[in-house]
Amino acid sequence: MNDSPLSVVGRRVRSLRSARRGPARYSAFDLVRRGALGKDWPRSFTQPDLKSSYDAVIIGAGVHGLATAYYLAANHGMTNVAVLDKAYIGGGGSGRNTAIVRSNYLTPEGVRFYDRSVKLYENLAVDLNYNVMFSQRGHLTLAHNDSSLRTMRWRAEVNKLQGIDSEVIGPDHISKLVPYLDVSPEARYPVLGALYHPPGGTIRHDAVNWGYARAAEHMGVHIHQYTEVTAIHVEADRVTGVSTNRGDISAPVVVNCTAGWASTVCDLAGVRLPLITHPLQAAVTEPVKMFLHAVVVSGSLHVYVSQTDRGELVFGASVDPYPSYSMRGSLEFTEELAGHVLELMPSIAKLRVLRQWAGLCDMTPDYSPIMGVTPVDGFLLDVGWGTYGYKAGPVAGEAMAELVATGKTPEIISSFDLARFAEGRLVGEKGAAAVGH
Amino acid sequence: MIRIPCPHCSARNSAEFRHVGEAAPRPDPSTATPEQWRVYLYERSNPAGWTTETWFHTMGCRRFISVERHTVTNEIRSARPVGSTGPGPAEALSARGDAGSPDAGGQA
Ligand SMILES: Cc1cc2nc3c(=O)[nH]c(=O)nc-3n(C[C@H](O)[C@H](O)[C@H](O)COP(=O)(O)OP(=O)(O)OC[C@H]3O[C@@H](n4cnc5c(N)ncnc54)[C@H](O)[C@@H]3O)c2cc1C
Ligand SMILES: [Zn+2]
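Heads up: the sequence lines are chains H and D, in that order.
Numbering of the first sequence is given in the working numbering, commencing with residue 12 and proceeding in unit increments.
Numbering of the second sequence is given in the working numbering, commencing with residue 59 and proceeding in unit increments.
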């Protein structure tokens, strides 16, 4: 980028000008100023009227829909765009996930894709003027037997070839990174090694959702909450618009970003998907002093744990054993989880679980997403995010925006097309995504 | 925990069963094209509502059963031996997944 003094001044002036139009810019200076003057912060989101036509309609105001809208406006200047959600911003998986971000996947396609997302997350706080609290604290996937150790080595090699910081480490190194982990050979499931991924970590998901929404709206995108899509209009295999509980909209492009509900929305357009919706549960404990400085995953024990900046331990596991659209937690989940967590960290036996919850996950047969075109012209997919899609929000939004704006499927998502199932080109990520989301 | 009224064993916790999947007609392997076969393998209706699905009673009679379940409330309307069409004994047992709440998804 050209950083001559003139262009710096130009950027300043531009950002000041846009600041006057849109919401207040968040800064330390403004914090002090508003504190001293006792001034309130203006509302972040408005409630625009629903127009009868947009250049693109995005269904779902989770991280995928919001990021797609943001990059449409920011990278392609397309701002006559609506994001519709039947509930509220981040009310789906995007507000319910455990916010793990990493790129140490198993296939080269997957690794390249998720790595681009990590790169975008690294600059997101600046890009959105919103503190997204990306904490690259390191990510460990434990191996308790020879076959999982072999998968870890395989992943490490694929990762290194793609330039990702990822290596297999032994129990000594692990206990330096995570002192409270039971790595003794007497453990019921002894820890033989781990795949260590230093750039992995966690992010504050609500901040990412709100940051994208605020920045997109700032550039002119309409975000309509409590607006449910009830029909999708298709004429001669071409999408022409949608009906909602607040009125009809005509649009030449409609993007399905509804994750757990994706099958129900595709039904409206007559498109069949290879998705199964499963609930996924998570839980947090009461806050305690910081002691766990990395994300720890055990595939064999079906559990992962990290500690938030507030001190709570966040636990997750694999999906519930049968498909459902119910978002209720269950006692057997907490029981099983607690048992497995204590195998790993016996010392936290006295910690109490504060709350648990569930979200819906749109599982694909190969644990990779489904992105791009469908048999209905103009009706696009950004679904199949299963238990691992939060981290993909930025890269998916960037790629889907490019597809909407140019009509061409970007290279980085080309292997995730819907046609791969009929053509037998699956992108198998189960070994890297079944438990460690 | 939902309870599944097994027509052979009566109502049992779902943890005793394995969910096999949505019931779908299987194409004839000797005549199906690879595309038809893959549609059978991968495509799902995945409805938010009533669905007919197969479960296997792993820790009971070890038989496959056909269950009608509402995927939003987890209410179970019927459970009968796979392949049978008449009302199974399940209808006689109260076909509710869980005592108490209409959403039988869990207790916590
Ligand atoms: C407990 C849990 C833990 C997870 N942990 C991780 C993790 O650590 N790392 C990770 O990367 N991923 C994780 N995930 C997965 C991740 O949360 C999802 O893949 C991701 O949030 C999907 O985002 P989305 O924007 O596609 O969909 P969502 O955020 O689910 O948004 C879909 C939206 O569509 C709306 N909608 C549905 N139907 C309609 C309609 N007819 N009209 C209008 N709007 C509609 C819904 O209201 C919803 O807001 C986890 C998920 C869960 C449940
Ligand atoms: Zn039985």
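All C-beta atoms in this analysis are idealised placements derived from N, C-alpha and C, irrespective of residue type, glycine included.
Are the C-beta of G435/H and some C-beta of chain D separated by less than 8 Å? yes
From A247/H, R249/H, S254/H, H244/H, residue whose alpha carbon lies closest to that of T238/H: S254/H
From N132/D, R120/D, V130/D, T131/D, pick the residue whose C-alpha is nearest to that of P65/D; which is it? R120/D
From A347/H to G340/H, what distance separates their C-alpha atoms? According to the sequence as given, residue 347/H is Glu; it is not Ala. So the alpha carbons of these two residues sit roughly 13 Å apart.
Under the DSSP definition of a beta bridge, which residues are partnered with A67/H? V92/H
Between the alpha carbons of Q236/H and R113/H, how many angstroms are there, rounded? 30 Å
By the three-class DSSP mapping on this structure, what secondary structure does F427/H have? helix
Among G141/D, H115/D, T109/D, which has the Cα closest to the Cα of I134/D? T109/D
Taking only the alpha-carbon atoms, compute the straight-line gap between V95/H and G71/H and give it to the nearest angstrom. Checking the displayed sequence, the identity of residue 95/H turns out to be Leu instead of Val. Taking the straight line joining both Cα atoms gives about 6 Å.
Could you check if N115/H is buried or exposed, using at least 16 other CB atoms within 10 Å of its CB as the buried criterion? buried
Taking Q147/H as the reference, give the member of K361/H, H313/H, T213/H, R225/H with the closest Cα. T213/H
List the whole-angstrom C-beta distance separating F122/D from T129/D, where the pair is believed to meet the contact cut-off of C-beta under 8 Å. About 19 Å separates the two Cβ atoms, so there is no contact after all.
Find the residues of chain H that neighbour S72/D, judging by a C-beta separation of less than 8 Å, and give them in chain order. P332, Y333
According to the neighbour-count rule (16 or more other Cβ atoms, all chains shown, within 10 Å of its Cβ), is W396/H buried or exposed? buried
Given a threshold of 16 other Cβ atoms within 10 Å of its Cβ, counted over all protein chains shown, does H304/H qualify as buried or as exposed? exposed
Own chain partners of H366/H with C-beta closer than 8 Å, once the 5 adjacent residues on each side are dropped: Rather than His, the amino acid found at residue 366/H in this sequence is Arg. Around R366/H: A294, V295.
Just to confirm before moving on: does the CB-CB distance between A198/H and E354/H stay below 8 Å? yes
Roughly how far, in whole angstroms, is the beta-carbon of D193/H from the beta-carbon of P357/H, given that I think they are within contact range, below 8 Å? 6 Å
Closest to F344/H by C-alpha separation, out of A360/H, I100/H, V364/H, would be which residue? V364/H
Unbroken alpha helix (DSSP H) run spanning A218/H, endpoints: 216-229
Name all residues in chain order for which at least one heavy atom of ligand 2 lies closer than 5 Å to the residue's CB. C64/D, H66/D, C67/D, H115/D, G118/D, C119/D
Starting from Y336/H, find everything on chain D with Cβ-Cβ shorter than 8 Å and list it in chain order. A106, T129, V130
The stretch 65-95 of chain D: which residues have C-beta closer than 9 Å to a C-beta of chain H, in chain order? N71, S72, A73, F75, R76, H77, G79, E80, P92, E93
So, is the C-beta of F124/H closer than 8 Å to a C-beta in chain D? no
C-beta neighbour in chain D for I69/H, strict 8 Å: no
For E413/H, which residues from the same chain have a beta carbon less than 8 Å from its beta carbon, with the 5 sequence-adjacent residues on both sides left out? Y82, N86, H87, K419, P421
Let me check understanding here. Comparing Cα to Cα, which of T118/H, L131/H, D126/H, R215/H lies closest to V455/H? Residue numbering for chain H in the displayed model covers 12 to 448; residue 455/H lies beyond these limits and cannot be assessed.
So T275/H contacts chain D; which residues on that side make the cut at Cβ distance below 7 Å? A106
Closer than 9 Å by beta-carbon distance: list the chain H residues that pair up with Y98/D, in chain order. Chain H residues near Y98/D: none, gap ~11 Å exceeds 9 Å.
Same chain only: Cβ atoms within 6 Å of P145/D, ignoring 5 sequence neighbours per side: Because the pLDDT of P145/D is 48, which lies under 50, any placement of that residue in the model is unreliable, and the number read from its coordinates should be weighed accordingly. Closer than 6 Å at Cβ, skipping near neighbours: no residue.
Can you tell me where the beta strand (DSSP E) with E80/D in it begins and where it stops? 76-80
Validate contact between the stretch 403-411 of chain H and the stretch 299-314 of chain H using beta carbons, cut 8 Å, 3 pairs: no
Do the stretch 264-274 of chain H and the stretch 121-136 of chain H touch if we need at least three Cβ pairs shorter than 8 Å? no
Mind checking whether V384/H and V250/H have CB atoms under 8 Å apart? no
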